[in-house]
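Each residue of the sequence shown is one higher than the one before, counting from 444 in this note's numbering.
In this text, a Cβ means the ideal position worked out from N, Cα and C, and glycines have one as well.
Note that the structure is a prediction, hence the values are computed from the model and not measured.
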Amino acid sequence: MVKMIKAMCIFPLSFFTSLAFASEGNFNAELSLESMYFFEAPTLPQQSHFYTSLTFQPEYKQSWDFNKKVLNAQLFVREDFNDDSRSHVDIRELSWTQSVGDFDYKVGVSKEFWGVAESYHLVDIINQLDNVEEVDFQSRLGQPMVKASYLSDVGSFHAWVLPYFRERNFTSNKSRAFSGTINVNEDEAKYYSSKKEKHIDYALRYSNNFDEYDLGFSYFQGTSREPVLTYDAANNQLVPFYDQLKQLSTDVQWTGDALLLKLEALLRDEATFGSSSAITTGFEYTLFDINNGHDIGIISEYIYDGRGKTRTSFDNDVFWGVRYTLNDIGSTEILAGGFIDLDNASHVPRFKLQQRINDKWKYELIVQGYENIDEDDLFFYNIRNDDFFRFNLRYYL
């Protein structure tokens, strides 16, 4: 813990502030205090009702030649006071981007996002999931890459070479909501490829917009970001296995005056488990200027994954949501929603409120529940007793 605190307080500040004072770049940082309270009694004796942690996120950006050359650096540090396995440091971004005519080149560590869905991003595969940060599958680790982009009148063409694979991180069973009762031994991870994490992955993407349509077509070949957890009975632990994957995907969004129609779909071929398909599709309809300038968004999405419940918690599910935006000085936003399993009626509801207090302070409140969770559910059954209240207080430097 002492080493982590030193990394959190000394190295990031000295490195990023030295960059900030060395030139006229843009430096900012975010400090956050997170508190989590679990309503039900813990499953294991080493677990607790109350958890706290700190995060620090400095970011620096410098550009030259009218943004033709850009240096971008972003660090993420978490210190968890209950579970050391949730404490970690990650380079989210440390990249150099240069434009030459219609071509852009990027080298370093970076994050890329593909997809249009609100609930579950099927096609977003470049970056590994940061599994100890959120339970909504949104946070991602930085990925080493070389990227080339060609911007033309007929669309944007992108190509990636990914020279190093990032393994998914896991908390220990001291944590709640992020893990089950059996620990995952990341050090014993197995791979289909003999090159393991040094296997070179590739990705291609084309994107364009045609009037109301935003289209994306992508191809990925390499190590699957989603491990299969196999049970090691002799040591009572789970061991990750990373297969080789070929994936062809598309994401489409149609934008009307108040209606968004969304689609993410893919075909995958896994070296060990064979071929399967998956789809996320749905809509968001917004009622504008309700109650003196407020907006209400109604969201519904359907998720299907042909791999079934032995591989995913979202094989035949519906996501529902209502977003209430006040459009006030504090950018207040409320989102209530949840996943419903159409096979067994399992329900994972969530309520989220976020608001700026002033230019320096912001808070975020989340209430997460698990109702009627079926024992066949791959992930949520292990944390079915971990309903929680989560509060983040953020300060921006």
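In whole angstroms, give me the CA-to-CA distance for residue i and residue j.
i    : j    : result
L709 : E629 : 28 Å
S491 : T673 : 27 Å
Y824 : D675 : 19 Å
D526 : R619 : 10 Å
T498 : D596 : 42 Å
L836 : L658 : 37 Å
P420 : D820 : What is shown of the chain runs 444 to 840, which leaves residue 420 out entirely.
A465 : K504 : A caution first: A465 carries a pLDDT of 45, below 50, which makes its placement in the model too unreliable to give a value.
P485 : R521 : 23 Å
A591 : Y813 : 43 Å
N626 : P683 : 11 Å
Y745 : I816 : 19 Å
N574 : Q798 : 25 Å
Y779 : S562 : Here residue 779 turns out to be Ala, not Tyr, going by the sequence shown. A779 and S562: Cα-Cα distance of roughly 12 Å.
D760 : K617 : 29 Å
D830 : F782 : 15 Å
F762 : G544 : 43 Å
F546 : W539 : 14 Å
A560 : S615 : 30 Å
V695 : Y747 : 16 Å
F621 : D508 : 44 Å
A721 : K752 : 13 Å
N510 : M588 : 20 Å
Taking residue i as the reference, which of the options has the closest Cα?
i    : options                   : result
K549 : F524, V513 and H531       : V513
V578 : G623, G544 and G717       : G623
F765 : T755, D738 and N787       : Checking the sequence, you will find Val at residue 765 rather than Phe. V765 has its Cα closest to that of D738, out of T755, D738 and N787.
S553 : L584, D545 and L572       : L584
R648 : N678, Y593 and E814       : Y593
G717 : D523, N735, G544 and R750 : R750
F481 : N616, A472 and F832       : F832
Q586 : G551, G544, Y838 and D817 : G551
G773 : T724, E807 and E477       : E807
D644 : R668, T724, G725 and S506 : R668
N787 : E818, T775, T768 and K795 : E818
F608 : S650, T666 and V566       : T666
E576 : Q664, S478, N471 and T724 : S478
K705 : E713, F519 and T693       : T693
Y494 : D771, Q581 and S530       : S530
W557 : A677, Q581 and I741       : Q581
E555 : T724, E640, S661 and Q680 : S661
H564 : N735, D784, G736 and G725 : G725
Mapping DSSP to helix, strand and coil, what is residue i?
i    : result
F482 : coil
N510 : coil
N825 : helix
D700 : coil
S528 : helix
K638 : coil
D567 : coil
D644 : strand
E631 : helix
N759 : strand
E669 : coil
G659 : strand
I742 : strand
D596 : coil
D547 : strand
K554 : coil
F580 : coil
G764 : strand
A472 : strand
Q500 : strand
D686 : coil
Y838 : strand
N515 : strand
S618 : coil
H601 : strand
D748 : strand
P606 : coil
Does the region 684–697 come into contact with the region 632–642, if we say contact requires no fewer than three beta-carbon pairs (one atom in each stretch) closer than 8 Å? Yes, the region 684–697 touches the region 632–642.
Contact the region 731–741 vs the region 594–606: 3+ CB pairs below 8 Å: Cβ pair count under 8 Å is below three, so no.
Pairing CB atoms from the region 778–792 with CB atoms from the region 750–767, are three or more of them under 8 Å? Touching, yes.
Given 8 Å as the limit, is there contact between the region 530–541 and the region 692–708, that is, 3 or more CB pairs closer than that? Cβ pair count under 8 Å is below three, so no.
Return the chain-ordered ranges of every beta strand (DSSP E) run that is complete within the region 781–814 and spans a minimum of 3 residues. Listed in chain order, the complete beta strand (DSSP E) runs (minimum 3 residues) inside the region 781–814 are 790–799 and 804–811.
Going residue by residue through the region 689–740, where are the continuous beta strand (DSSP E) segments of at least 3 residues, counting only ones entirely within it? Runs of the beta strand (DSSP E) spanning 3 or more residues and lying entirely within the region 689–740 occur at 702–713 and 717–733, in chain order.
Should the region 800–812 be called in touch with the region 556–570, which here means at least 3 C-beta pairs below 8 Å? By the Cβ criterion, the region 800–812 is not in contact with the region 556–570, since fewer than three pairs of Cβ atoms, one from each stretch, lie closer than 8 Å.
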